[in-house]
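In the working numbering, each residue's number is its place in the sequence shown (first place is 1) plus 70.
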Amino acid sequence: MKRIYVVGTADTKGEELAFLADAVAAAGGPVIRVDIGTRGATVPVDVAASEVAAHHPDGAGAVLGIDNRGTAVAGMGVAFARFIQSRDDVAGVIGIGGGGGTSIVTAGMRALPLGLPKIMVSTLASGDTAPYVDVSDIVMMPSVTDMAGLNRLSRVVLHNAAQAIAGMAAKPAPIAAGKPALGLTMFGVTTPCVTAIVEQLRADYDCMVFHATGTGGRSMEKLADSGLLAGVIDITTTEVCDLLFGGVLPATQDRFGAVARTRLPYVGSVGALDMVNFWAPPTIPERYRGRLFYEHNPNVTLMRTTAEECRRIGEWIGGRLARCDGQVRFLIPEKGVSALDIEGGAFFDPEADAALFEAIERTIKPTKNRTVTRLPLHINDPAFAKAAAEAFLDIAKT
Numbered sequence: 071m072k073r074i075y076v077v078g079t080a081d082t083k084g085e086e087l088a089f090l091a092d093a094v095a096a097a098g099g100p101v102i103r104v105d106i107g108t109r110g111a112t113v114p115v116d117v118a119a120s121e122v123a124a125h126h127p128d129g130a131g132a133v134l135g136i137d138n139r140g141t142a143v144a145g146m147g148v149a150f151a152r153f154i155q156s157r158d159d160v161a162g163v164i165g166i167g168g169g170g171g172t173s174i175v176t177a178g179m180r181a182l183p184l185g186l187p188k189i190m191v192s193t194l195a196s197g198d199t200a201p202y203v204d205v206s207d208i209v210m211m212p213s214v215t216d217m218a219g220l221n222r223l224s225r226v227v228l229h230n231a232a233q234a235i236a237g238m239a240a241k242p243a244p245i246a247a248g249k250p251a252l253g254l255t256m257f258g259v260t261t262p263c264v265t266a267i268v269e270q271l272r273a274d275y276d277c278m279v280f281h282a283t284g285t286g287g288r289s290m291e292k293l294a295d296s297g298l299l300a301g302v303i304d305i306t307t308t309e310v311c312d313l314l315f316g317g318v319l320p321a322t323q324d325r326f327g328a329v330a331r332t333r334l335p336y337v338g339s340v341g342a343l344d345m346v347n348f349w350a351p352p353t354i355p356e357r358y359r360g361r362l363f364y365e366h367n368p369n370v371t372l373m374r375t376t377a378e379e380c381r382r383i384g385e386w387i388g389g390r391l392a393r394c395d396g397q398v399r400f401l402i403p404e405k406g407v408s409a410l411d412i413e414g415g416a417f418f419d420p421e422a423d424a425a426l427f428e429a430i431e432r433t434i435k436p437t438k439n440r441t442v443t444r445l446p447l448h449i450n451d452p453a454f455a456k457a458a459a460e461a462f463l464d465i466a467k468t
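Pasting the structure below:
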């Protein structure tokens, strides 16, 4: 039987945890109470903190019985994420917490698939929640008052949260019917290419386009890991530039990780690898003064990548894709990688592009399933978009 996991620190928030669990049960939700505290529980629970802590890679000793609170909280976050991923009876998760509890619970929630109900009642929910939500679908609900014992307002907030999670768990969204979903990455400077690909594939696929701003790539890969995509057309891999050279829209070190884990059909390219993104000119790091820049708008400044930087970018991408054993087709547009990297354009630099292309070809380790193809086209040439669409349709059939 699927259960609703009610999670909190039973050492400091025991009264609230017990009230919330009872409210969920009263709303018809089968409940399992989980303690993530680092001290002794003050109320009965179904899963003790020691059981959760035992899921830490270094054992419970890395979480419990240590004096450094920050280390204990971080360790419990790792342990809870591994604990909740190991369960096969999760209908939904609802958590309560202040700073520490919110950090721990949301670490586990972020590890769960998209679509699984997740509600976090938190004292931090009305501020910057990006570190807690990231690219997941966690619902952050403000507790309004601090969690220092129940009061007339906190009872109402927790009651409403209980009704919400019970309703979500009782009436899960139906499995989507119709066309399979396809993830694509796009930037302004690759829009003609991606738009043309979508036009060619939309009759057979639900095309989901992600803006390659760091969060866009992570969102797409989260969908892939959650089993919600049938394939990926990753035309715009520019987030890698910002990761390697300190731009403001970076990927994470796990870029392309979902492609390796899921073995989804993948078509990739070098879209916008000619640029690193910064905000307005005064924010650009001093070490880059004197470089070639392009003012995209008053708030966004683009820096052209050099031949040496392109070599590093190509090696990083090739090395990551070499770990992918599914069907991979990587297409190289020899006449330019963005709207700015075209003959007469502000970022046209054949030498830098050549270094990029050579590095990818050298490090991707082609196999029968993983190939690199050069095309004598610009990335925004309609013929390149046609080739990308055809490459995907070819591997989607295998």
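From the three backbone atoms N, C-alpha and C, an ideal C-beta is built for every residue, glycine too.
Secondary structure of residue i, DSSP reduced to three states
i	result
residue 393	coil
residue 125	coil
residue 199	coil
residue 418	coil
residue 462	helix
residue 217	coil
residue 382	helix
residue 179	helix
residue 290	helix
residue 401	strand
residue 441	strand
residue 174	helix
residue 295	helix
residue 452	helix
residue 388	helix
residue 304	strand
residue 204	coil
Assumed close pair residue i, residue j - CB separation to whole angstroms, cut-off 8 Å
i	j	result
residue 329	residue 347	Between residue 347 and residue 329 the Cβ distance is about 23 Å, and since that is not below 8 Å, they are no contact.
residue 145	residue 161	Incorrect: roughly 27 Å between the Cβ atoms, too far for contact.
residue 154	residue 163	7 Å
residue 238	residue 187	4 Å
residue 95	residue 104	Wrong, their Cβ atoms sit about 14 Å apart, outside the cutoff.
residue 399	residue 465	6 Å
residue 177	residue 147	4 Å
residue 171	residue 83	7 Å
residue 305	residue 341	5 Å
residue 203	residue 210	6 Å
residue 125	residue 142	Contact flag wrong, Cβ pair sits at about 15 Å.
residue 357	residue 314	Rounded, the Cβ-Cβ distance is 14 Å, inconsistent with contact.
residue 344	residue 325	About 18 Å separates the two Cβ atoms, so there is no contact after all.
residue 369	residue 349	6 Å
residue 251	residue 220	With a Cβ gap of about 43 Å, residue 251 and residue 220 do not count as contacting.
N- and C-terminal bounds of the alpha helix (DSSP H) containing residue i
i	result
residue 261	261 to 271
residue 229	222 to 240
residue 92	84 to 96
Residue environment, residue i, which counts as buried when at least 16 other CB atoms sit within 10 Å
i	result
residue 320	buried
residue 450	buried
residue 386	buried
residue 455	buried
residue 467	exposed
residue 245	exposed
residue 409	buried
residue 423	buried
residue 288	buried
residue 139	exposed
residue 71	exposed
residue 224	buried
residue 335	buried
residue 98	exposed
residue 339	buried
residue 403	buried
residue 292	buried
residue 378	exposed
residue 390	buried
residue 260	buried
residue 309	buried
residue 440	buried
Check: residue i C-beta below 7 Å from any heavy atom of the ligand NAD
i	result
residue 374	You won't find the ligand NAD in this model; it holds no ligand whatsoever.
First and last residue of the uninterrupted beta strand (DSSP E) at residue i
i	result
residue 190	188 to 192
residue 251	251 to 256
residue 410	From DSSP, residue 410 is part of no beta strand (DSSP E); its letter is neither H nor E.
residue 103	101 to 105
residue 211	209 to 212
residue 71	No beta strand (DSSP E) holds residue 71; DSSP gives it neither H nor E.
residue 113	Run containing residue 113: none; DSSP gives neither H nor E here.
residue 276	276 to 281
Within the stretch 313 to 378, ranges of the alpha helix (DSSP H) (whole runs, at least 4 residues)
327 to 332
Secondary structure, alpha helix (DSSP H): runs of 4+ residues fully inside the stretch 129 to 168
139 to 155
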